[in-house]
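Read through the structure below, which is laid out as structure tokens, and then see the notes.
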Amino acid sequence: MIPLFLCLSTILVGTLCNTADSAEFSKTDVQNAVTASRQTAIVTAVAKASPAVVNISAVRNVETQPAFEDWFWGEIPYSRRRSFQTVGSGVIVNKKGHILTNRHVIDGADDITVIASDGREFTAQVLGYDYFSDLALLEVDTDTNLPEIQWGDSESLLIGEWVVAIGNPFGLSIGNAQPTVTAGIVSATQRSLIVNNLYHESLIQTDASINRGNSGGALVNIYGELIGINTFIRSTSGGSQGVGFAIPVNKARKVVQQITEYGSVIPPYLAVEVQTITEELAEKLSIPMNTGILVSEIEKQSPIAKAGIKRGDVIVRISGHQIRGEEDFHALTRLLPLNQCIKCEFSRRGKKRQTEFTLKTRQWNYTPPGWGITFAQPDKEMARKYQMPGVIITHVDKESRLRDALKRGDFVYQIGDTQIHSLEIFKFVDENIRSQYKALLYFERDGVQEAIPVFFNRNNRRR
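This is the structure in structure tokens:
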């Protein structure tokens, strides 16, 4: 028989051991639970995407002229050279060194420095940019692969889903490779705004804090996929008020593809003129306002004409996107792909119809009415010969009033105060001159820059 005191001792020791094991298990369990709770989907998304977000420092050198007082007091005036720095963000979209950012971040920069998430610094070159979408593509020279972002799908976004903004607000990441992260939700999609005289369509609105320096940074979804490029905010104070906007990644991706292939965005050949439906037109056509654009002129060889659309028809929808006016139409059609079937909905005398068209070529040449001159968009190889963007004169008619001043091969880069970044901008400037206007036309010939006065009188131009 086992003594009673021995049995009691055994029971007591066993109880103490079980209590100790239980306490230890509870502590470990709590630690595991806390660790698991910290590893949220947002943390995972940031860990996945942030290595592909970089800091961008753009330096612009400006030469200032001597002040009048310097001359007045007999001092020897010297021009002064000042440097201005712009700080922004960018996203690595190609492991070989292609970085996507906003055009306004690097606009006019003489030197561009990129700081990667691992602290490495690179000198960047501009591969190309798109003025109308405010996007630019940079390139850095690297011997090793860079961490590239994973593309998402901005068309599948849900209102209210979580998003994360990653970037470099206020230059806080300079000297520290770690980017700033803010979280929020998708507040709205398909926002259209005019910012700095540029029309932006289909913007993503978010309440994730976006501030100065975030421009060009990444807006990612909960999977760490890029769904937008943070571009600007709406604020009454100049700081973040929870109303930020990003360019949808589906649009940005099309711009990247064209810059990579052509050096800039080259819109497809449409050969159609449209106009916004006014209240008077809407009443005459018996249709609501803001529900399409009127086809005012169309060439017989136009891809849209071949699809059955005629002058007087109202185009309502293209590729599933509602067309509300001229801005919507141009913003959408300029990025349409070639050799793909594009669905189009239009109305004729109040009856809805559907058709399809296929675009075959891009508009590389443009002959503005009244000029007697043909201008061309330089291809990627030809653009490298010049230190600035512009268009090339490929033909001058004998009857042109500018034949004594301009000739084939001249490189036009500015009209008045407007820089001619591309043939698309030249066409835009020409088409939007509606009254008498006199301006200097700047061009380069054999490495020498010149300027001539040009008088615009609607569709008649003369020196």
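Residue 602 is where the sequence shown starts when you use the working numbering, and the numbers rise one by one after that.
Ideal Cβ positions, reconstructed from N, Cα and C, are used throughout, including at glycine.
Predicted model only: the values in this text are computed from it and were never measured.
Rounded Cβ spacing between residue i and residue j (contact assumed at less than 8 Å)
| i | j | result |
| --- | --- | --- |
| N815 | G785 | With a Cβ gap of about 12 Å, N815 and G785 do not count as contacting. |
| V896 | V917 | In fact, because the Cβ distance is near 11 Å, the residues do not count as touching under 8 Å. |
| V856 | S734 | 5 Å |
| N940 | K907 | Not quite, the Cβ-Cβ distance comes to about 14 Å (not below 8 Å), so this is no contact. |
| R683 | V663 | 5 Å |
| N812 | F771 | 6 Å |
| A847 | I830 | 6 Å |
| G909 | T956 | 5 Å |
| I834 | G817 | At roughly 14 Å, the Cβ-Cβ gap does not stay under 8 Å, so I834 and G817 are not in contact. |
| Y730 | I1026 | Rounded, the Cβ-Cβ distance is 12 Å, inconsistent with contact. |
| A646 | V765 | 6 Å |
| E802 | D929 | 6 Å |
| K1028 | L936 | Incorrect: roughly 16 Å between the Cβ atoms, too far for contact. |
| A984 | G864 | 5 Å |
| I657 | I713 | 7 Å |
| I899 | K911 | 7 Å |
Counterpart residues of residue i in DSSP-defined beta bridges
| i | result |
| --- | --- |
| I1021 | None; I1021 has no bridge partner. |
| R949 | K952 |
| S658 | V688 and T714 |
| R912 | Answer is none; R912 lacks a bridge partner. |
| K944 | E957 |
| Q1070 | Outside the displayed range of the chain (602 to 1064) lies residue 1070, so it cannot be described from this structure. |
| I707 | Answer by DSSP bridge pairing: none, since I707 is not bridged. |
| W972 | Beta-bridge pairing links W972 to no other residue. |
| Q1050 | E1045 |
| N695 | H699 |
| G729 | L738 |
| L895 | Q876 and V915 |
| Q923 | R918 |
| N966 | A977 |
| H996 | T975 |
| Y987 | According to DSSP, Y987 bridges with nothing at all. |
| L804 | R792 |
| E664 | R682 |
| T724 | T714 |
| V1055 | A1040 |
Cut-off 6 Å between Cβ atoms - residues of its own chain near residue i, not counting five sequence neighbours on either side
| i | result |
| --- | --- |
| I905 | V873 and F958 |
| Q859 | V866 |
| S788 | Q806, T807 and D808 |
| L607 | Any reading at L607 must be qualified, since the residue scores a pLDDT of 43, below 50, and its modelled position is unreliable; the value itself is stated next. Within the same chain, L607 has no close Cβ partners at all. |
| F1057 | I1034 and Y1038 |
| V614 | Because the pLDDT at V614 is just 44, under 50, the model does not fix this residue reliably, and the point stays unresolved. |
| L758 | V787 and T790 |
| L794 | H801 |
| T783 | A766, A809 and S810 |
| G913 | none |
| I707 | A659, I713 and A737 |
| A725 | I713, V715, L739 and V741 |
Cβ shell of residue i (< 7 Å), same chain only, five flanking positions each side left out
| i | result |
| --- | --- |
| M602 | Residue placement at M602 is flagged as unreliable, the pLDDT there being 47, under the threshold of 50; the coordinate-derived value follows with that caveat. Excluding sequence neighbours, M602 sits near nothing in its chain. |
| I752 | For clarity, residue 752 is Trp in the given sequence; the question names Ile instead. Closer than 7 Å at Cβ, skipping near neighbours: E826, L827, V850 and R854. |
| G1048 | none |
| M989 | Y1014 |
| E927 | V875, Q876, T877 and I894 |
| E756 | N851 |
| A883 | P889 and M890 |
Own chain partners of residue i with C-beta closer than 8 Å, once the 5 adjacent residues on each side are dropped
| i | result |
| --- | --- |
| Q1050 | Y1043 and F1044 |
| G1136 | It is not possible to answer for residue 1136, since the shown part of the chain is limited to 602 through 1064. |
| I888 | I878, V915, S948 and G951 |
| V1030 | I1016, T1019 and I1021 |
| T611 | Because T611 carries a pLDDT of 45, less than 50, the predicted location of this residue cannot be relied on, and the following value inherits that uncertainty. Once the five neighbours on either side are set aside, T611 has no close Cβ partner at all. |
| T934 | P868, P869, L871 and I919 |
| A1052 | L1041, L1042, Y1043 and F1044 |
| K953 | V917, E946 and F947 |
| E762 | I786, V787, N822 and I823 |
heavy atom of the ligand MG below 7 Å from residue i C-beta
| i | result |
| --- | --- |
| N656 | Of the ligands one can find in the structure shown there are none, so the ligand MG has no counterpart to examine. |
### Message
Suppose only complete runs of 3+ residues qualify. What are the beta strand (DSSP E) ranges in the segment 819-887, listed by chain order?
### Response
Listed in chain order, the complete beta strand (DSSP E) runs (minimum 3 residues) inside the segment 819-887 are 819-821, 826-834, 845-849 and 873-877.
### Query
If you pair each beta-carbon of the segment 636-645 with each one of the segment 685-704, do three or more pairs fall below 8 Å?
Taking one beta carbon from each stretch, the segment 636-645 and the segment 685-704 have fewer than 3 pairs nearer than 8 Å; the two do not touch.
### Query
Okay, do the segment 1038-1052 and the segment 999-1012 touch, 3+ Cβ pairs below 8 Å being the bar?
Because the criterion of three Cβ pairs below 8 Å is met, the segment 1038-1052 and the segment 999-1012 touch.
### Query
Is there contact here, the segment 652-660 with the segment 734-753, by at least three beta-carbon pairs under 8 Å?
Contact annotation: the segment 652-660 touches the segment 734-753, with at least three C-beta pairs closer than 8 Å.
#### Entry: Any 3 or more C-beta pairs closer than 8 Å across the segment 974-982 and the segment 990-997
Segments in contact, yes.
### Message
Three or more C-beta pairs under 8 Å: does that hold for the segment 959-967 against the segment 1011-1022?
### Response
The segment 959-967 makes no contact with the segment 1011-1022: fewer than 3 CB pairs, one atom from each, lie closer than 8 Å.
### Query
What runs of the alpha helix (DSSP H), each 4 residues or longer, lie entirely inside the segment 731-801?
List check, alpha helix (DSSP H) in window: nothing returned.
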